[in-house]
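What follows is a single structure, written as structure tokens, with notes after it.
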Amino acid sequence: MIPIVSIITPCYNAESFISSTIESVLAQSFRNWEIIIVDDCSLDNSSAIIKKYQNEDSRIRYLRTNKPSGSPTIPRNIGIKEAKGRYIAFLDSDDIWLPDKLEKQLKVFTESEVAIVYSNYEKMEQNGKCCGREIIAPSTVDYSLLLKGNCIGCLTAMYDTEKVGKVFFKKIGHEDYLLWLSILKKGNKAKNTNTVTALYRIGGHSVSSNKLKTILWQWHILNNEECLPIHQAIYYFIHYAIRAFWKALK
């Protein structure tokens, strides 16, 4: 059976969390999926753990990069290239989905003419304990709104290849943000389930934790990737800065 949803999971030294991540996919109420776990040459026991699951369930696919890439971009792109499903979703190797995540999001796709469906999510500690910090995204997002800042959590997002084709990540800071922009720039829309469907493990996503780097990445995307006129780039950057400030206070 051809899977409806392909789940892309980059993995590097994730032996502490990868089982929980896989188990959260196995627990999905919607069953017609595949998960493609792309190992970026882990040095720990990640590969053995993943292969054990793969031997028990054919929906789990294990791939490995030829050499360490140092970022999730190349592993994700390998996964997208190998994906068989109409819908492509993303789940990092230390995050968790709630059991009805796929079911709820596919319902939105069925009822709406959108290219991306996403959800709210909750933050959890390294030990898996929820922090009570719910990240709530807008109900709908278009290109103009997204230029003000990335409000689509990658661990919650899923896009429809029948509407936009296979869209790949560029090796750049905020690579997920740039991917959403590239889809919505063509007039497509994104919609929220308006529910929490995932748990984001804080402390394990160090690439984006440097605040100065993220500020520079945001400006680069607005000015160099989207090539906005300078006054528009400044306008949207100010919106981003204000949103980031309030988010930091929560």
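With numbering that gives the first Met the number 0, the residue at position 27 of the sequence shown is 26, and numbering never jumps. Yeah, the Cβ is synthetic: ideal placement off N, Cα and C, and Gly gets one too. These figures come from a predicted structure and were not determined experimentally.
Inspect the beta-carbon positions of residue i and residue j and report whether they are closer than 8 Å.
i       : j       : result
Ala-189 : Thr-155 : no
Ile-3   : Arg-85  : yes
Asn-149 : Tyr-176 : yes
Ala-136 : Asn-191 : yes
Glu-22  : Arg-60  : no
Trp-179 : Ile-79  : no
Tyr-199 : Gly-152 : yes
Val-163 : Ile-182 : yes
Glu-161 : Phe-168 : no
In terms of residue numbering, what span does the beta strand (DSSP E) encompassing residue i cover?
i      : result
Phe-89 : 86–89
Ala-26 : Note, Ala-26: premise wrong, no beta strand (DSSP E); not H, not E.
Leu-62 : 59–63
Have a look at residue i and residue j and give me their C-alpha separation to the nearest angstrom.
i       : j       : result
Tyr-158 : Gly-186 : 14 Å
Thr-8   : Pro-228 : 36 Å
Leu-90  : Asp-38  : 13 Å
Ile-49  : His-230 : 49 Å
Lys-170 : Ser-57  : 30 Å
His-238 : Thr-213 : 14 Å
Ser-138 : Leu-105 : 16 Å
Phe-244 : Arg-63  : 38 Å
Ile-95  : Thr-20  : 5 Å
Ile-87  : Ile-6   : 6 Å
Glu-110 : Ser-28  : 19 Å
Lys-122 : Ser-92  : 15 Å
Glu-102 : Leu-221 : 34 Å
Helix, strand or coil: how does DSSP classify residue i here?
i       : result
Gly-131 : strand
Lys-212 : helix
Ile-220 : helix
Lys-188 : coil
Tyr-235 : helix
Cys-40  : coil
Pro-193 : For clarity, residue 193 is Asn in the given sequence; the question names Pro instead. Correct three-state label for Asn-193: strand.
Arg-242 : helix
Asn-54  : helix
Ile-7   : strand
Ile-35  : strand
From which residue to which residue does the alpha helix (DSSP H) around residue i run?
i       : result
Leu-180 : 174–183
Ile-77  : 72–81
Thr-109 : 100–110
Val-163 : 160–163
Ser-143 : 142–145
Could you tell me which residues DSSP puts in a beta bridge with residue i?
i       : result
Met-157 : Ala-88, Val-116
Leu-198 : Ile-95, Glu-121
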